Amino acid sequence: MISQRGVHLLTAHGLRGSLQKAALSTTGANHKSYKLVVVGGGAGGCATAAKFSSKLGKGQVAVIDPANMHYYQPMWTLVGGGMKTLEDSGKPMSEVLPRKADWIKRKVVSFDPHNNKVITDKGQEINYEYLVVALGIQLNYEQIEGLPEAFETPGVCSNYSPMYVKKTFKSLKRFKEGNAVFTFPNTPIKCAGAPQKIMYISEEYLRTHGKRDKANIEYFTSLPVIFGIKKYADALWKVVNERNINVNLRQNLVEVKPDSREAIFQNLDKPDEFKTIKYEMLHVTPPMSSPDVLRNCAALVDGAGYLKVNKETLQHESFPNIFGIGDCTNVPTSKTAAAVAGQFGVLHRNLSMVMEGKTPQSVYDGYTSCPLVTGYSTCILAEFDMNGNPLETFPLDQAKERRTMFHMKRDIMPSMYWMGMLNGLWEGPKYVRKAMHLGFSR
Ligand code: FAD
Ligand code: UQ1
Numbered sequence: 049m050i051s052q053r054g055v056h057l058l059t060a061h062g063l064r065g066s067l068q069k070a071a072l073s074t075t076g077a078n079h080k081s082y083k084l085v086v087v088g089g090g091a092g093g094c095a096t097a098a099k100f101s102s103k104l105g106k107g108q109v110a111v112i113d114p115a116n117m118h119y120y121q122p123m124w125t126l127v128g129g130g131m132k133t134l135e136d137s138g139k140p141m142s143e144v145l146p147r148k149a150d151w152i153k154r155k156v157v158s159f160d161p162h163n164n165k166v167i168t169d170k171g172q173e174i175n176y177e178y179l180v181v182a183l184g185i186q187l188n189y190e191q192i193e194g195l196p197e198a199f200e201t202p203g204v205c206s207n208y209s210p211m212y213v214k215k216t217f218k219s220l221k222r223f224k225e226g227n228a229v230f231t232f233p234n235t236p237i238k239c240a241g242a243p244q245k246i247m248y249i250s251e252e253y254l255r256t257h258g259k260r261d262k263a264n265i266e267y268f269t270s271l272p273v274i275f276g277i278k279k280y281a282d283a284l285w286k287v288v289n290e291r292n293i294n295v296n297l298r299q300n301l302v303e304v305k306p307d308s309r310e311a312i313f314q315n316l317d318k319p320d321e322f323k324t325i326k327y328e329m330l331h332v333t334p335p336m337s338s339p340d341v342l343r344n345c346a347a348l349v350d351g352a353g354y355l356k357v358n359k360e361t362l363q364h365e366s367f368p369n370i371f372g373i374g375d376c377t378n379v380p381t382s383k384t385a386a387a388v389a390g391q392f393g394v395l396h397r398n399l400s401m402v403m404e405g406k407t408p409q410s411v412y413d414g415y416t417s418c419p420l421v422t423g424y425s426t427c428i429l430a431e432f433d434m435n436g437n438p439l440e441t442f443p444l445d446q447a448k449e450r451r452t453m454f455h456m457k458r459d460i461m462p463s464m465y466w467m468g469m470l471n472g473l474w475e476g477p478k479y480v481r482k483a484m485h486l487g488f489s490r
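Numbering (the working numbering), first residue to last: 49 to 490.
Now the structure itself:
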């Protein structure tokens with residue numbers, strides 16, 4: 049059900065009247081206006097722009113994003129394991145954004161939601177009737193003391209950034225003996241399974257390359273659990289135990305000393321207690337936050353700095369002409385591209401209704417998925433909802449490591465992303481799930 053508050057916000061009659069004040073034409077290089085502005089041309093922004101530029105026509109939709117490249121980030125797990133290259137994972141932004149949308153290749157530096165405009169780093173004011181915020185999540189590597197310097201040294205890597213992902217496989221190849229350390233930070237992150245996926249891949253690599261008996265594999269996580277959903281956590285404990293991987297819970301990486309090749313962790317339950325471990329290889333998942341530009345706009349965000357939307361309709365809680373999608377929102381589900389796919393169907397239906405002066409009806413169930421790659425040919429396909437209940441597509445035990453799921457992740461998902469999702473044609477596996485369960489599934 050849509051909450052009472054959501055329904056109340058959406059009676060968009062008054063909204064449409066006031067928004068008509070926003071000029072619809074382009075009014076000069078430093079001041080442009082669009083029916084719909086999409087901030088961020090990543091997974092959620094690109095899908096949204098494709099759908100609405102096709103619906104509204106040329107010149108009505110703008111995407112603002114400064115990036116030259118659009119990356120399919122889920123592939124970086126495979127890049128880290130040497131199964132794909134960084135080049136395989138990216139396409140020029142100009143090739144993926146829809147032709148009917150204007151691409152403003154700039155960074156948004158501030159929001160002015162009371163006046164329906166955003167400002168770019170070139171000082172341009174871009175007015176909108178409707179706004180979709182799809183900024184993703186910010187990586188904060190610099191918050192870990194010594195880490196930026198450590199990235200300059202061998203063996204320190206991170207699948208989370210195109211700058212450091214190539215170093216992961218290099219680190220595996222140069223590994224001789226010692227500790228291979230994998231971290232999970234003390235903040236919400238995107239794809240909460242990725243910090244351990246690369247650990248399982250690394251374990252298999254070291255085993256099949258004759259180095260496993262000289263390697264000690266350590267997982268340091270800030271969380272009190274190995275994974276947030278019990279069904280998959282139970283399966284992952286089996287994997288780490290069978291493969292002799294040490295798991296250290298409630299341990300947060302606070303400092304790296306590249307000269308002595310040491311990583312320092314704080315015990316989050318006893319904050320005065322620190323543990324130092326020498327590393328031969330260190331894979332870091334950085335602390336993350338809502339992007340600064342969003343956090344700085346108090347009217348748009350919740351206490352944690354994320355875009356404050358109705359978790360069911362994805363409409364902003366205070367500005368009915370603003371919607372959010374993806375990692376930058378405060379929707380309480382695990383931040384993944386699969387979640388973005390599930391949100392996208394809801395967003396395009398609800399925003400279309402608001403554009404027609406109607407009340408949003410479509411409800412997001414919190415669907416998200418994390419293909420937990422456990423090596424070079426196996427994967428546990430975790431799928432669950434906002435309440436942490438499994439919401440699985442296939443009528444089989446998805447907590448089991450399977451080759452079929454690995455092939456889906458490696459060979460099918462990329463095309464589904466580039467051709468389906470970015471063209472606004474993939475809303476997640478809801479209908480596949482219903483078909484697979486003969487209609488007996490949500
Ligand atoms: P993004 O796709 O990150 O896009 C944000 C866009 O905003 C970017 O293009 C950026 O340039 C732009 N931007 C940022 N700041 C500004 C600004 N100031 N002005 C204008 N534009 C700006 N998900 C899965 O479903 N399955 C997986 O297996 C999976 N594995 C992953 C593995 C790794 C290693 C990583 C890093 C991620 C993984 N994900 C996975 C997560 C998935 O990639 C993200 O959740 C998804 O891309 C989020 O989409 P988004 O549109 O919210 O943000
Ligand atoms: C998915 O929809 C998606 O978005 C495109 C992903 O991101 C790459 C995924 O990893 C997964 C698993 C899904 C869900 C799709 C199916 C068919 C289960």
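Positions of the beta carbon are idealized from the N, C-alpha and C atoms, including for glycine.
Nothing here was measured: the structure is a model prediction, and the numbers come from that model.
| Check | Outcome |
| --- | --- |
| Are there any heavy atoms of ligand 2 lying less than 8 angstroms away from the beta-carbon of E431, as far as the coordinates show? | yes |
| Assess contact between the segment 116-126 and the segment 95-105, defined as three or more Cβ pairs (one per stretch) separated by less than 8 angstroms. Is contact present? | no |
| Identify which residue in K153, T168 and R154 has its Cα closest to the Cα of D160. | T168 |
| Just verifying my parser: in three-state terms, what is the DSSP assignment at P140? | strand |
| Quick one: what's got a C-beta closer than 8 angstroms to M461's C-beta in the same chain, skipping five residues either side? | P122 and P419 |
| Leaving out five residues before and five after V480 in sequence, what residues of the same chain have Cβ atoms less than 7 angstroms from its Cβ? | T441 |
| Give the C-beta separation of F268 and F322 to the nearest angstrom, bearing in mind that I take them to be a contact with Cβ-Cβ under 8 angstroms. | 12 angstroms between Cβ atoms; not a contact. |
| Could you give the DSSP three-state label for Q299: helix, strand or coil? | strand |
| Name the DSSP bridge partner or partners of C205? | H331 |
| Note down, in chain order, each residue of its chain lying with its Cβ closer than 6 angstroms to the Cβ of S158, except the 5 sequence neighbours on either side. | I167 |
| Rounded to whole angstroms, what's the CA-CA distance from A283 to I277? Just pull it up for me. | 10 angstroms |
| Spatial neighbours of A311 within its chain, please: C-beta separation below 7 angstroms, excluding the five flanking residues on both sides. | V229, L301, V304, I325, Y327 and L330 |
| Pick helix, strand or coil for I249, following the three-state DSSP scheme. | helix |
| At what residues does the beta strand (DSSP E) containing C345 begin and finish? | Note, C345: premise wrong, no beta strand (DSSP E); not H, not E. |
| Using a threshold of 9 angstroms, state whether the C-beta atoms of K132 and R451 are closer than that. | no |
| Mind checking G258: buried by the 16 CB within 10 Å criterion, or exposed? | exposed |
| Can you list, in chain order, the residues of its chain whose CB lies under 6 angstroms from that of T74, leaving out five sequence neighbours each side? | Annotation note: pLDDT 48 at T74 (below 50); position unreliable, coordinate value reported separately. Around T74: K80. |
| Does the beta-carbon of T96, which I'm using as the reference point, lie nearer than 8 angstroms to any heavy atom of ligand 2? | no |
| So, using beta-carbon positions, are G414 and K482 closer together than 9 angstroms? | no |
| P146: buried (16+ other C-beta within 10 angstroms of its C-beta) or exposed? | buried |
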